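Engineer:
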Amino acid sequence: MFQKKNDLQRHYWENRSFGSVFSDCPFRFFILFLLLFYSFHSISQNQIGDVMNSMTDAKLPAATRLIPLKSSLPNLFFGSPISGYIGISDPGADSVTAKEQAFLRAASLYNLSNGIGRGLSDYYTKDDGQVVSNNYEELCELNANCRISASAFILSEPIYLQTGEVILLLNVDSSFAKNNDLMEFQSKVSLYSKETGSDNNMLLQSKSILETSYKAVGKPGGHHEKLNNVCINNLWMSRTTLYDDKLIDNSSYKLFYESNCNSDKAASTSGAESSTFEGLWYALINSTYHQLSMQLKQQFQKEKSVSENYNSNQSQLSRDSGFFTYKCMIESINFCDDALNVKIKTSFSSAK
Amino acid sequence: MKKTIKHISSIILMAGILFSITSCGTTKKAASGEGKLVNSYCSGDEFNSTAKAFRFTGIGQSMNQMMSVKKAISEAHAGLAASINTKVKSVIDNYVKSGSFNNKEELLQNYEGMTREVVDQNLAGSIAICTKTVILKDGNYQTYVCMELGSSQILESLNNKVSNNEMLKVDYNYEKFKKTFEEEMNKNQ
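Here's what the structure looks like:
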């Protein structure tokens, strides 16, 4: 019985997906073209003048500065196995600050490789007989705290990119740990996603906010950082970095990197790709934490739902949630076509 | 004069649009009488519920690939929970009705409250046994996810709940309950 319901539902969704009005009749395109042509010519000279005036009154977006050089990336970004934790600074900082920032970020990845994750998602669907709409909302949080001797950190030689970013690889060897240089790390990641859609997903809108905060306390020096990325309809809308309470605004830069990949993107897409135009670190954490949240979602164990079904109206609200301890390691990173694809290895167990 | 020409031309244009919409495409399909073959994933016998496991396939659509997976998981979780809820209710009804309990109504009330809780908790251990994503013509992603949960895990969780319930454990007979459970599960086959 359940499968039958399932099949009906599937059939319904599939029929919805292919219902394009203009897909099977070229004559309709011609009519559409005529309609547009007619509409354009019906605008009088005065109306065009009004449009032009309104355009000049509108605020134009700030000019985007392009960094004209394509930076070469180390092998680390082309599928080599990664042993350790990678940290990448924002572009534009002086070398000392950039190295400190890269270290803080690498140490935070180390800290967040073993933490507590929790999440909750609501999925509301409504079919009133004429319009089918849905609303998905989710919040996923990762938390990790640790204390570790600064001597246990083994840092690679920094790699300087032409974009101004600094890359560090961090490894931890507790045999070098001392008692007098303990550092405390507090890291938190919060990922909020929302998407609404209706019939044939013509009104599909999505928003995601990724917030991370890292704090290192102790010798040799404590630093803290907060990052906030907002994406609307899969496009970057804003990103801000607060490093030691100073605002670093790189949002108007676009960054480019050399790529030598020939892979067929359509065949290899995993959904974890993240654009690198905003910098490598943003792409790295975006890809990593979106994947982690998806894998966490698969582990959700509590399910509650309420549904109503009367006349031709059907609506359902389902909520699932979970609370876990997790382990997460970056296995490899692939840069291709201005996007990073991070491969992660995870394991989960229920938190008590 | 110009206005009149405009009106006439717009009427002709609208008539043309109406003619074009009603004259091509869909009527050809109807005349041929052949349906369009629709690809379906994570469906078929191996994805149906059996005596050993509950299964449910959810479908999610989104402009973002990972979001489409999440939506599909949400739907699969909800479907799985509803399937379990219905089945466990049926098991309890049969178990209580088949026994010689003095306080049947009171027992049923207690069991119902308990099963709701069990369904809330019982998705732990569920796994995705099939995940397929396709790109639709409009560029959006559609994902199919089939989630599975073993019936033995549900029985174990249910047994733990009943055994810990002071009110219920007096009359509780695990072997008998298990038998009723398996009878109901076999109806999935």
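Chains as they are written, first to last, in the working numbering: chain L, -16 to 335; chain G, 262 to 450.
Heads up, the beta-carbon is just placed ideally off N, CA and C, and yes, glycines get one too.
Nothing here was measured: the structure is a model prediction, and the numbers come from that model.
Measure the alpha-carbon distance for Phe60/L versus Phe318/L and round it to whole angstroms.
Structural biologist: Computed Cα separation, rounded: 6 Å.
Engineer: Is there a Cβ of chain L sitting closer than 8 Å to that of Ala312/G, yes or no?
Structural biologist: no
Engineer: Step through the CB atoms of chain G and report whether any lies within less than 8 Å of the CB of Asp321/L.
Structural biologist: no
Engineer: Near Ser387/G, which residues of its chain fall below 6 Å by C-beta distance, leaving aside the five closest residues on each side in sequence?
Structural biologist: Met408 and Leu410
Engineer: Where does the unbroken beta strand (DSSP E) through Thr347/G begin, and where does it stop?
Structural biologist: Not the beta strand (DSSP E): Thr347/G falls in the alpha helix (DSSP H), residues Gln326 to Ser359.
Engineer: So who's on the other strand from Cys123/L, going by DSSP bridges?
Structural biologist: Gly102/L and Leu174/L
Engineer: Looking at the secondary structure, which residues open and close the alpha helix (DSSP H) in which Leu275/L lies?
Structural biologist: Where Leu275/L is concerned, the enclosing alpha helix (DSSP H) stretches over Leu263 to Gln281.
Engineer: Return helix, strand or coil for Leu323/L, following the three-state DSSP convention.
Structural biologist: Here DSSP, grouped into helix, strand and coil, assigns Leu323/L to strand.
Engineer: Spell out whether any CB of chain G is found under 8 Å from the CB atom of Tyr106/L.
Structural biologist: yes
Engineer: Would you list the residues sitting across from Ile137/L in a DSSP beta bridge?
Structural biologist: Asn154/L
Engineer: According to DSSP, simplified to helix, strand and coil, what is Val213/L?
Structural biologist: strand
Engineer: For Leu213/G, which residues of its own chain have a beta-carbon under 7 Å away from its beta-carbon, when the five flanking residues on both sides are left out?
Structural biologist: Outside the displayed span of chain G (262 to 450) sits residue 213/G, for which this structure offers no information.
Engineer: Does the CB of Lys332/G have a neighbour CB from chain L at under 8 Å?
Structural biologist: Yes, Lys332/G counts as interfacial toward chain L.
Engineer: Below 6 Å CB to CB, which residues in the same chain sit around Val406/G once its five sequence neighbours on both sides are set aside?
Structural biologist: Correct list, in chain order: Gly319, Ala333, Ile334, Ala337, Ala389 and Thr392.
Engineer: Using the Cβ count rule (16 or more neighbours within 10 Å means buried), how would you classify Asn447/G?
Structural biologist: Exposed: under 16 other Cβ atoms inside 10 Å.
Engineer: So who's on the other strand from Asp303/L, going by DSSP bridges?
Structural biologist: Ser104/L and Glu286/L
Engineer: Please name the residue in Phe442/G, Met324/G and Met328/G whose C-alpha comes closest to that of Ser104/L.
Structural biologist: Met328/G
Engineer: Can you look up Tyr372/G in the DSSP assignment and give me helix, strand or coil?
Structural biologist: helix
Engineer: According to DSSP, what are the bridge partners of Asn118/L?
Structural biologist: Tyr107/L and Thr179/L
Engineer: Within 8 Å of any Cβ in chain L, is that where the Cβ of Met324/G sits?
Structural biologist: Closer than 8 Å: yes.
Engineer: Quick check on Glu314/L: does DSSP put it in helix, strand or coil?
Structural biologist: strand
Engineer: Suppose you measure from the CA of Tyr236/L to the CA of Gly70/L; what does that come to, to the nearest Å?
Structural biologist: Straight through space, the alpha carbons of Gly70/L and Tyr236/L are spaced by roughly 20 Å.
Engineer: Quick one: what's Glu291/L bridged to in DSSP?
Structural biologist: Ser298/L
Engineer: Got a sec: which bits of the region 109 to 128 of chain L sit with their beta carbon under 7 Å from any beta carbon on chain G, in order along the chain?
Structural biologist: Cβ contacts with chain G: Tyr119 and Glu121.
Engineer: Which bits of chain L does Leu384/G rub up against, with CB to CB less than 8 Å?
Structural biologist: Phe283, Gln284, Lys285, Glu286 and Asp303
Engineer: Could you tell me whether the Cβ of Leu186/L comes closer than 8 Å to any Cβ of chain G?
Structural biologist: no
Engineer: In the DSSP assignment, find the beta strand (DSSP E) that holds Thr223/L and state where it starts and stops.
Structural biologist: Leu218 to Tyr226
Engineer: Given Ile137/L, which residues of its chain have a CB within under 6 Å of its CB, disregarding the five upstream and five downstream residues?
Structural biologist: Asn154 and Asp156
Engineer: Answer yes if the region 304 to 312 of chain G comes into contact with the region 191 to 202 of chain L, meaning at least three C-beta pairs across the two stretches below 8 Å, and no otherwise.
Structural biologist: Contact between the region 191 to 202 of chain L and the region 304 to 312 of chain G is absent: fewer than three C-beta pairs spanning the two stretches fall below 8 Å.
Engineer: Output yes if chain G places a C-beta closer than 8 Å to the C-beta of Gln299/L; else output no.
Structural biologist: So, interface residue.
Engineer: So Ser257/L and Leu323/L are supposed to be a Cβ contact under 8 Å. How far apart are they, rounded?
Structural biologist: 5 Å
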